[in-house]
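In this note's numbering, the protein residues as written are 24 to 245.
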């Protein structure tokens, strides 16, 4: 299934839950109508359709899209580090950052260490510390990513992080250790400031907050 077809199928399945009723049985029924009586809906496509259905069935007033100017303004005005953290994930990994939210969040005193950690570790900061410059991601250019890496390092070693509550998934620990290894082995590239305050200790597990749901880069508010 190519990407274009997959997007079309996800939209089709999500639309079957237009009245807010989201069930596998309903999606399976419509999938068989579309693909044939013996067709089976695979788990990955089903999960993507569920995520899209949640977005479609959430009122606009409760949805935040960091790709829009209004979405950025709403997140910035909230002064809520948890919302900022989700918006950071959305901008970098899903929606892009054409309104400069990521640089803004790295300048806010309330920004949690985990938010800067997510930026630095998700994008493989250990490669940056060694001097690599090719970080062309799907939604951020290499130049943009290098600017973010430098901003994280500057924030770490200047203002630091007075807030350290949100935590990160354990999957990030391996990359944190890689970064520390680069520093310990004197492999730090010239001109790069090691973000020691950011990396010096492990992150706690993620803090649960049921006020927000994160689906496909869109933030849904309870």
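Where is the CB? At the ideal position from N, CA and C, for every residue including glycine.
These figures come from a predicted structure and were not determined experimentally.
Assigned secondary structure, residue 10 (DSSP; H/G/I helix, E/B strand, else coil): No answer is possible for residue 10: the residues shown for the chain start at 24 and end at 245.
#### Entry: Three-state secondary structure assigned by DSSP to residue 89
Note: residue 89 maps to coil in three-state DSSP.
Exercise for the section: Express the C-alpha separation of residue 180 and residue 241 in angstroms, rounding to a whole number. Expected result: Here the alpha carbons of residue 180 and residue 241 stand approximately 32 Å from one another.
Between the alpha carbons of residue 57 and residue 80, how many angstroms are there, rounded? Taking C-alpha positions only, residue 57 is separated from residue 80 by approximately 22 Å.
Under a Cβ-count criterion, where at least 16 other Cβ atoms within 10 Å of its own Cβ denotes burial, should residue 44 be classed as buried or exposed?
Exposed: under 16 other Cβ atoms inside 10 Å.
With DSSP as the reference, label residue 236 as helix, strand or coil.
-> Residue 236: strand per DSSP, three-state reduction.
Within 10 angstroms of its Cβ, does residue 107 collect 16 or more other Cβ (buried), or is it exposed?
Buried.
On a CA-only basis, which of 185, 161, 213 and 147 is nearest residue 197? Give me that one, please. Selection 185, 161, 213 and 147 evaluated against residue 197 yields 147 as nearest (Cα-Cα).
Original post:
Just how far apart, CA to CA, sit residue 128 and residue 50?
Top reply: Linking residue 128 to residue 50 through their CA atoms gives a straight-line distance of about 39 Å.
Which one or two residues does DSSP pair with residue 243 in a beta bridge? Note: residue 243 sits in a beta bridge opposite 86 and 236.
Sort 183, 123 and 161 by Cα distance to residue 135 and report the nearest one.
Scanning 183, 123 and 161 for the CA closest to the CA of residue 135 turns up 183.
* So which of 34, 143, 236 and 190 has the shortest CA-CA distance to residue 169? -> By alpha-carbon distance to residue 169, the top candidate from 34, 143, 236 and 190 is 143.
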